[in-house]
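Colleague: Protein chains in written order, with this note's numbering: chain A, 2 to 349; chain B, 2 to 170; chain C, 20 to 120.
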Amino acid sequence: MSPLLIYVLLSIVKVAVVTVVLLMCVAYTVLLERKVVGRIQNRFGPSRVGPFGLMQPMADGLKLFLKEDIMPLSVYRPLYILAPVIALACALLSIAVVPFGANIQYRGIDLFQIADLNIGLLVILGVTSVGVYGIALSGWSSNNKYSLLGALRSSAQMVSYELALGLSLVGVVIRAGSLRLRDIVDIQATHGILSWNVFGGFQIVAFFIYLIAAYAETNRAPFDLVEAESELTGGYHTEYSSMKFAMFFMAEYANMITVGCVATLLFFGGWSSPFGHLLPEPHSIFLRAVLPLFWFVIKVFFFVFLYIWVRGTTPRFRYDQLMGFGWKFLVPLSIANIIVAALIYAPR
Amino acid sequence: MAFGMYLVIFFIFGALCIAGALNMLLQRHPINSALSLIVVMTSLAVLYLLLGAEFLAAAQVIVYSGAVMVLFTFVIMLLNAGEEERTRGSRAAYIVGFPGVAALLGLLTYIFLSVRMPLGNAQLGGGTLVTTSDLSRVLFRDLLLPFEVTSVLILVAILGAVALARKEP
Amino acid sequence: MLVPIAYYLVLSAILFSIGVAAFLIKRNIITVFMSIELMLNAVNLTFVAFAHRWHQVSGQIFVFFVMVVAAAEAAVGLAIIIAIFRTRNTLNVDQVNLMKL
Numbered sequence: 002m003s004p005l006l007i008y009v010l011l012s013i014v015k016v017a018v019v020t021v022v023l024l025m026c027v028a029y030t031v032l033l034e035r036k037v038v039g040r041i042q043n044r045f046g047p048s049r050v051g052p053f054g055l056m057q058p059m060a061d062g063l064k065l066f067l068k069e070d071i072m073p074l075s076v077y078r079p080l081y082i083l084a085p086v087i088a089l090a091c092a093l094l095s096i097a098v099v100p101f102g103a104n105i106q107y108r109g110i111d112l113f114q115i116a117d118l119n120i121g122l123l124v125i126l127g128v129t130s131v132g133v134y135g136i137a138l139s140g141w142s143s144n145n146k147y148s149l150l151g152a153l154r155s156s157a158q159m160v161s162y163e164l165a166l167g168l169s170l171v172g173v174v175i176r177a178g179s180l181r182l183r184d185i186v187d188i189q190a191t192h193g194i195l196s197w198n199v200f201g202g203f204q205i206v207a208f209f210i211y212l213i214a215a216y217a218e219t220n221r222a223p224f225d226l227v228e229a230e231s232e233l234t235g236g237y238h239t240e241y242s243s244m245k246f247a248m249f250f251m252a253e254y255a256n257m258i259t260v261g262c263v264a265t266l267l268f269f270g271g272w273s274s275p276f277g278h279l280l281p282e283p284h285s286i287f288l289r290a291v292l293p294l295f296w297f298v299i300k301v302f303f304f305v306f307l308y309i310w311v312r313g314t315t316p317r318f319r320y321d322q323l324m325g326f327g328w329k330f331l332v333p334l335s336i337a338n339i340i341v342a343a344l345i346y347a348p349r
Numbered sequence: 002m003a004f005g006m007y008l009v010i011f012f013i014f015g016a017l018c019i020a021g022a023l024n025m026l027l028q029r030h031p032i033n034s035a036l037s038l039i040v041v042m043t044s045l046a047v048l049y050l051l052l053g054a055e056f057l058a059a060a061q062v063i064v065y066s067g068a069v070m071v072l073f074t075f076v077i078m079l080l081n082a083g084e085e086e087r088t089r090g091s092r093a094a095y096i097v098g099f100p101g102v103a104a105l106l107g108l109l110t111y112i113f114l115s116v117r118m119p120l121g122n123a124q125l126g127g128g129t130l131v132t133t134s135d136l137s138r139v140l141f142r143d144l145l146l147p148f149e150v151t152s153v154l155i156l157v158a159i160l161g162a163v164a165l166a167r168k169e170p
Numbered sequence: 020m021l022v023p024i025a026y027y028l029v030l031s032a033i034l035f036s037i038g039v040a041a042f043l044i045k046r047n048i049i050t051v052f053m054s055i056e057l058m059l060n061a062v063n064l065t066f067v068a069f070a071h072r073w074h075q076v077s078g079q080i081f082v083f084f085v086m087v088v089a090a091a092e093a094a095v096g097l098a099i100i101i102a103i104f105r106t107r108n109t110l111n112v113d114q115v116n117l118m119k120l
């Protein structure tokens with residue numbers, strides 16, 4: 002077996018495992034959201050379909066699959082079908098550069114990261130930028146004035162907050178000296194919780210900017226004016242039904258999970274444990290592989306829970322307040338953060 | 002790596018670039034032209050990766066595919082640009098344009114293929130990858146003045162765009 | 020089997036010629052503007068190919084500046100197009116040939 006063949010086969014296995022796990026997580030994140038928002042609103046979420054409602058995603062998936070796929074006559078067909086594909090593809094793509102666990106290698110191939118690129122962070126930003134097309138084209142092709150307005154507003158919001166998102170990551174890059182995600186995590190794995198970027202790396206302001214910009218990027222939580230049911234009759238996915246609507250839905254939750262993964266990598270030390278060097282390094286290779294993965298999953302779960310918590314408790318921003326906040330407050334604040342980070346790390 | 006893999010990737014993405022550019026030329030509705038151009042820009046990013054320019058590939062996707070073309074798409078959607086009509090001017094352009102462009106293409110291709118041997122091949126691996134730190138080292142030390150002037154240029158462009166697109170009260 | 024640099028240059032020449040053809044033939048202002056972006060991208064590919072050949076980073080930095088200038092130009096050009104559309108209500112280049120409205 003030549004090394005190339007092993008590399009290709011292992012990559013296919015990694016991609017398959019990550020995609021399946023991500024889609025299962027998306028399905029159960031929907032359930033988690035419904036239950037948590039339900040408890041915040043003093044009621045139970047779905048609780049009948051299985052024990053504690055755990056089979057609800059199966060029922061939802063079956064329903065969306067079997068619904069009638071209505072395509073209005075006056076939509077522009079090629080783009081109408083292409084837009085949810087773009088949205089879902091971009092949502093599932095950024096997970097390819099995320100390192101889930103420690104650098105365990107099998108014959109020189111990294112087992113816990115699909116693609117180890119030198120510019121991993123820029124790939125995530127680039128895929129987020131291309132994801133805007135899914136929404137813009139869906140609104141335009143629906144041939145419906147509410148969809149078009151919702152899509153234009155949503156695209157303008159995403160493009161504006163992309164700027165604050167990108168700028169808030171520069172402080173992290175200054176500390177790590179590299180755009181490679183493994184390097185960024187390795188810098189934070191030295192002294193446990195104190196060397197995480199959010200505490201020891203003095204990036205707490207950048208963390209909050211990133212969090213707010215990510216909420217706006219994924220059209221969620223207090224920035225979901227463009228897709229809320231009570232505004233604009235549903236925004237850019239008004240005319241979509243069954244599988245295409247499911248694709249937009251899945252794209253939104255997959256984006257949430259990706260944002261959570263990136264936030265843990267950049268600000269919370271990725272797969273490193275908060276105890277750092279206080280605990281001895283385990284001897285068995287199984288524990289050394291699984292324990293970092295466990296910490297990573299716990300942190301991503303915390304972020305997803307934070308997303309849902311903010312959604313259940315905050316009111317919506319009005320559109321002009323939203324744009325003013327992004328341009329007039331977040332962008333200058335993130336530039337100030339870059340200056341402060343440069344001053345802190347310049348003596349090195 | 003396997004025999005001829007770089008050549009295969011170059012031909013696939015080069016063919017995608019040319020197909021996208023021809024599609025941009027031949028489509029009547031501007032939104033189709035815009036989408037074809039996005040395909041061209043993303044394929045060019047892959048070609049930059051083949052030439053060892055990793056930061057430029059990422060910048061091409063982020064700046065061109067993800068910002069400039071979004072701007073074009075917005076304007077096409079806002080102005081509700083419809084399909085093009087054939088007018089008198091376009092017929093004259095067909096008669097003059099195509100031979101001129103063919104002459105230009107023929108001349109350039111002849112020149113490039115005649116220096117094919119001295120130019121050599123695109124090497125990969127080793128020291129031919131230009132990392133972001135190499136790029137930034139030259140950009141922020143030797144070429145700092147053009148960098149600062151570019152930021153003034155962007156400021157002027159922002160002011161110009163806001164002033165031009167503002168609605169008269 | 021490696022790719023000769025001349026192939027990249029020929030591809031860039033083809034893209035540039037298609038850009039020139041689209042510039043001359045198309046009648047919609049926005050499409051004409053997009054063909055200018057295509058020409059700029061073709062030139063970027065030439066710069067990166069030569070930067071690779073002669074191991075000079077300045078070729079890639081030139082591409083960086085071309086990208087910045089093209090983005091700024093796209094912003095201002097599209098603002099002008101919007102202003103033209105507001106006054107003349109057409110996007111056809113043959114119909115904006117007089118200073119009089």
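Cβ coordinates follow ideal geometry from the N, Cα and C atoms, glycine included.
Nothing here was measured: the structure is a model prediction, and the numbers come from that model.
Measuring only between beta-carbons, confirm whether F56(B) sits less than 8 Å from chain D.
Modeller: No chain D appears in this structure, whose protein chains are A, B and C.
Colleague: What's the gap between the Cα of V1(A) and the Cα of M20(C)?
Modeller: Nothing can be reported for residue 1(A): it is not among the residues displayed for chain A, which extend from 2 to 349.
Colleague: List, in chain order, every chain B residue whose beta-carbon is nearer than 7 Å to that of W328(A).
Modeller: Chain B residues near W328(A): none, gap ~11 Å exceeds 7 Å.
Colleague: DSSP puts N220(A) in a beta bridge; with which residues?
Modeller: None, per the DSSP bridge assignment.
Colleague: Does the stretch 236-254 of chain A touch the stretch 132-140 of chain A, meaning 3 or more C-beta pairs lie closer than 8 Å?
Modeller: A contact exists between the stretch 132-140 of chain A and the stretch 236-254 of chain A.
Colleague: Which whole-angstrom value is the C-beta distance of R35(A) and P52(A), which I expect to be below 8 Å?
Modeller: Rounded, the Cβ-Cβ distance is 16 Å, inconsistent with contact.
Colleague: By alpha-carbon positions, which one of V206(A), F208(A) and S155(A) ends up nearest to R221(A)?
Modeller: Of the candidates V206(A), F208(A) and S155(A), the one whose C-alpha sits nearest the C-alpha of R221(A) is S155(A).
Colleague: Within 10 Å of its beta-carbon, does N81(B) have 16 or more other beta-carbons around it, so buried, or fewer, so exposed?
Modeller: Exposed is the call here.
Colleague: In angstroms with no decimal places, state the Cα-to-Cα distance between A46(B) and T314(A).
Modeller: Using only the alpha carbons, I get a separation of about 42 Å.
Colleague: Roughly how many angstroms separate the alpha carbons of M59(A) and F304(A), rounded to a whole number?
Modeller: Straight-line Cα distance between these residues: approximately 24 Å.
Colleague: With 16 other CB atoms within 10 Å as the buried threshold, where does N338(A) fall?
Modeller: The residue is buried, with at least 16 neighbouring Cβ atoms inside 10 Å.
Colleague: Across which residues does DSSP place D111(A) in a beta bridge pair?
Modeller: Its beta-bridge partners are Q106(A).
Colleague: Listed in chain order, which residues of the stretch 178-196 of chain A have Cβ atoms closer than 9 Å to some Cβ of chain B?
Modeller: So the list reads G178, S179 and L180, given in the order they occur along the chain.
Colleague: Counting only Cβ-Cβ distances shorter than 8 Å, please list the residues of the stretch 56-68 of chain C near chain B, keeping chain order.
Modeller: Correct list: E56, L57, N60, N63, L64, V67 and A68.
Colleague: Check whether the Cβ atoms of A165(A) and L331(A) sit closer than 8 Å, and answer yes or no.
Modeller: Taking 8 Å as the Cβ cut-off, A165(A) and L331(A) qualify as a contacting pair.
Colleague: T371(A) lies in the alpha helix (DSSP H); which residues open and close that run?
Modeller: The first residue shown for chain A is 2 and the last is 349, placing residue 371(A) beyond what the model contains.
Colleague: Can you tell me where the alpha helix (DSSP H) with D135(B) in it begins and where it stops?
Modeller: From DSSP, the alpha helix (DSSP H) with D135(B) extends over T133 to R142.
Colleague: Any idea which residues DSSP pairs N111(C) with across the strands?
Modeller: Paired residues: N47(C).
Colleague: Assuming I24(C) contacts N122(B) under a Cβ cut-off of 8 Å, what Cβ separation, rounded to an integer in Å, is found between them?
Modeller: Their Cβ separation, rounded to whole angstroms, is 7 Å, which keeps I24(C) and N122(B) in contact under 8 Å.
Colleague: Quick one: complete alpha helix (DSSP H) runs, 4+ long, within the stretch 106-172 of chain A?
Modeller: Counting only runs of 4 or more, we get 121-131, 133-142 and 146-169.
Colleague: Please name the residue, chosen from I55(C), F81(C) and L64(C), that lies closest to D143(B) on a Cα-to-Cα basis.
Modeller: Residue F81(C) is the option with its Cα nearest to D143(B).
Colleague: Taking Y26(C) as the reference, which of M118(C), N116(C), L64(C) and G38(C) has the closest Cα?
Modeller: Residue L64(C) is the option with its Cα nearest to Y26(C).
Colleague: Comparing alpha-carbon positions, which option in P333(A), H192(A), Y320(A) and F318(A) lies nearest H278(A)?
Modeller: Taking only the C-alpha atoms, the option nearest H278(A) is H192(A).
Colleague: Rounded to whole angstroms, what is the Cα-Cα separation between A214(A) and I125(A)?
Modeller: In a straight line, the C-alpha of A214(A) is about 14 Å away from that of I125(A).
Colleague: Pull up the DSSP beta-bridge partners for N24(B), would you.
Modeller: Looking at the DSSP assignment, N24(B) forms no beta bridge with any residue, so it has no partner.
Colleague: Once the 5 residues before and after S34(B) are set aside, which same chain residues still bring their CB inside 7 Å of it?
Modeller: Result list for S34(B): M25 and Q28, in chain order.
Colleague: Pick helix, strand or coil for P31(B), following the three-state DSSP scheme.
Modeller: DSSP places P31(B) in helix when its eight states are reduced to three.
Colleague: When you compare only the Cα positions, how much space is there between V14(A) and I258(A)?
Modeller: In a straight line, the C-alpha of V14(A) is about 21 Å away from that of I258(A).
Colleague: To which residues of the same chain is V157(B) closer than 6 Å at the C-beta, ignoring the five residues directly before and after it?
Modeller: Excluding residues within five positions, none has a Cβ falling inside 6 Å.
Colleague: Put A123(B) into one of helix, strand or coil per three-state DSSP.
Modeller: Coil.
Colleague: Which chain B residues sit within Cβ distance under 8 Å of T50(C)?
Modeller: Within 8 Å Cβ-Cβ: M25, P31, S34 and E85.
Colleague: Report the residue from F42(C), V67(C), G38(C) and L30(C) whose alpha carbon sits nearest the alpha carbon of A94(B).
Modeller: It is F42(C) whose Cα lies nearest to the Cα of A94(B).
Colleague: Which residues does DSSP list as the beta-bridge partners of A54(B)?
Modeller: V131(B).
Colleague: Among V115(C), T109(C) and R105(C), whose alpha-carbon lies nearest the alpha-carbon of E169(B)?
Modeller: Taking only the C-alpha atoms, the option nearest E169(B) is R105(C).
Colleague: Please compile the residues from chain C whose C-beta is within a distance smaller than 7 Å of the C-beta of R117(B).
Modeller: Ordered by position in chain C, the residues that pass the 7 Å Cβ test against R117(B) are P23 and A25.
Colleague: Please list the partners that V71(B) has in chain A, where partner means a Cβ-to-Cβ separation under 8 Å.
Modeller: Correct list: S130, V133, Y134, A137, S156 and V160.
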